[in-house]
Amino acid sequence: MNIQLSKSPIGLDGIPAAETVLSHVDGERGELIIAGEHVGDLVRKTGFEGVTARLWSGGTGQPVSEATVRAALGAARQRAFARLPDLLGITRGLSIVDGFRAAVAGLRAENGLPHEATIVGAFPVIAGALVQRAKGCDPVAPDPDASHAADTLSMMLNRKPDACEAAALDAYFVTVCDHGMNASTFTTRVVASTQADLFAAVTAGYCALTGPLHGGAPEPVLEMLDAIGSSERIKPWVDDALARGERLMGFGHRIYRVRDPRADVLKGAIERLAGSGADLPFAGEVEAYIRTALRQKNPDRPLDTNVEFFTAILLDALSIPRQAFTPVFAVARAAGWTAHAREQQRVGRLIRPSSAYIGPMPD
Ligand code: ACO
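Take any residue in the sequence shown, note its place counting from 1, add 50, and you have its number in our numbering.
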């Protein structure tokens, strides 16, 4: 029996799965609103702790202050560091992306800390330790007084970042902390809707993030830029890849019909990162050619730059190893996942769609 399976409407395109106060994506206008602010304004106005306070306030329906978030995340990073021997125990032999999944699955409640702080605080500690281990080094202890972004970089790089570097990662964290009903957030909400706890919900969300059609794209973006290598090779490389039917990472989006607004916010963050060595002119040439080529290939389906293209360039400029890009994305998105999980638990209704049965019927 070889029954053809269709992609649409099975991808749930355009079907609202929840009401939310957390974020809104307008795909036609290319707008992203997070907690009531356009993403570009939010990056100018606040840092990761500030936006996390807004998201947790929205998710729980209770006011949460930025100072509370800052203190809770600092404490949570320290608790996670103390637990690292246990958390890393089951990650031996795994890649950074897979080791992160296993370690996150081992997180559990900490006395006196809200679950969301335990989770969001633990993420950069685990990611940093896995990066250090891959280099054969010991984990770097967190600094509870540093910002979440600055401390993430310290634990990744084993040195204190300068103010520009910390600001660039902070801008990235704010930019990608939440994004409507994306696949990992939907996954998180489905698990939370069963009244499973936040640890289960966020572990599932991370698993959904790892695929290349979602948060696994930035490492392949860098591989693509490396493979293209020089301006003269852009056209032949891209044309060949498209002729082979390949998807070009960092382009296309289920919702956006225009350029992802986060692309420019991240491009601005890279431009402010003086002396980073990022080759933005070359990346710009590649981006421009791919946009044109995709327009020619799919004239009826607008495909434009998404957040992952400039994510790859920014994280690379910050010397974060490419194998850790997806866990670093998760450090930021965990703020959104935990808020969505709380919001979904407050809704109190199981998410349970139906399926369209196309198999054989009994005689
Ligand atoms: N490169 C080449 N062709 C593409 C691309 C791409 N990046 N994206 C879509 N297409 C093509 C598809 O092959 C399809 O062509 P066809 O009709 O000839 O088969 C057509 O465009 C329509 O694509 P859809 O299936 O409608 O796209 P969908 O909404 O399912 O996919 C997605 C969105 C998964 C992001 C897709 O654009 C893609 O695979 N992009 C590359 C991976 C990537 O950048 N992922 C990160 C997304 S951002 C994020 O999640 C944080």
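Glycine included, C-beta positions come from ideal geometry on N, C-alpha and C. Nothing here was measured: the structure is a model prediction, and the numbers come from that model.
Close CB contacts of Ala-367 within its chain, under the 8 Å cut and outside five residues either way in sequence, are with Ala-218, Ile-320, Leu-323, Ser-326, Gly-327, Ala-328 (chain order). Here the alpha carbons of Phe-249 and Pro-194 stand approximately 22 Å from one another. Relative to the non-hydrogen atoms of the ligand ACO, the Cβ of Glu-269 never comes closer than 6 Å to any of them.
One thing to note: Val-175 has its Cβ within 7 Å of the Cβ of Ala-130.
Sequence-distant Cβ neighbours of Gly-261 in its own chain, meaning closer than 6 Å and more than five residues away, do not exist here.
The bridge partners DSSP lists for Leu-344 come to none.
Per the C-alpha coordinates, the member of Glu-69, Arg-396, Ile-408 positioned closest to Thr-244 is Arg-396. The closest CA to that of Ile-65, considering only Glu-335, Pro-403, Val-224, is found on Pro-403. Spatial neighbours of Glu-335 in its own chain (CB-CB distance under 8 Å, excluding positions within 5 residues in sequence) are listed in chain order as Ser-281, Ile-284. Distances between the C-beta of Phe-223 and the heavy atoms of the ligand ACO are all 6 Å or more. Distance between Leu-123 and Leu-55, taken at the CA atoms: about 45 Å.
Gly-77 has its Cβ no nearer than 6 Å to any heavy atom of the ligand ACO. When C-beta atoms of the stretch 198-216 are compared with those of the stretch 164-179, three or more pairs fall below 8 Å, so the two segments count as touching. Taking non-hydrogen atoms of the ligand ACO into account, the C-beta of Gly-255 is found less than 6 Å away from none of them. Runs of the alpha helix (DSSP H) lying entirely within the stretch 289-370 and spanning at least 4 residues, in chain order: 311-322, 330-347, 357-367. According to DSSP, His-74 shares a beta bridge with Ile-83. Between Ala-267 and Gly-300, the C-beta gap is smaller than 7 Å, which places the two residues in contact. Note on geometry: alpha-carbon atoms of Ala-293 and Ala-343 lie some 11 Å from one another. Distance from the CA atom of Phe-98 to the CA atom of Thr-253, rounded to whole angstroms, is 21 Å.
Leaving aside the five residues that flank Pro-192 on each side, the residues in its chain whose CB is nearer than 7 Å to its CB run, in chain order, Arg-127, Gln-128, Phe-131, Val-175, Asp-201, Met-205. At least one heavy atom of the ligand ACO falls within 6 Å of the beta-carbon of His-264.
Sequence-distant partners of Cys-227 (beyond 5 residues in either direction) whose C-beta falls short of 6 Å from its own C-beta, in its chain, are Val-101, Ala-382, Ala-385, Gly-386. Ser-234 places its beta carbon less than 7 Å from that of Leu-259. Relative to Pro-286, the option among Tyr-339, Ala-333, Arg-372, Phe-332 whose CA is nearest is Tyr-339.
When C-alpha distances from Ala-85 are compared across Lys-95, Gly-77, Arg-94, Ser-73, the shortest belongs to Ser-73. In this structure, DSSP gives His-88 an extended state, which the three-state scheme calls strand. Under the three-state reduction of DSSP output, His-229 falls in the strand class.
When secondary structure is reduced to three states using DSSP, Gln-54 falls in the coil class, being assigned neither helix nor strand. For Lys-210, the three-state secondary structure derived from DSSP is coil. A Cβ-Cβ contact shorter than 7 Å links Phe-379 with Gly-265. Relative to the ligand ACO, the beta carbon of Arg-297 is positioned inside 6 Å of a heavy atom. Distance from the C-beta of Glu-358 to the nearest heavy atom of the ligand ACO is below 6 Å. When secondary structure is reduced to three states using DSSP, Cys-257 falls in the helix class.
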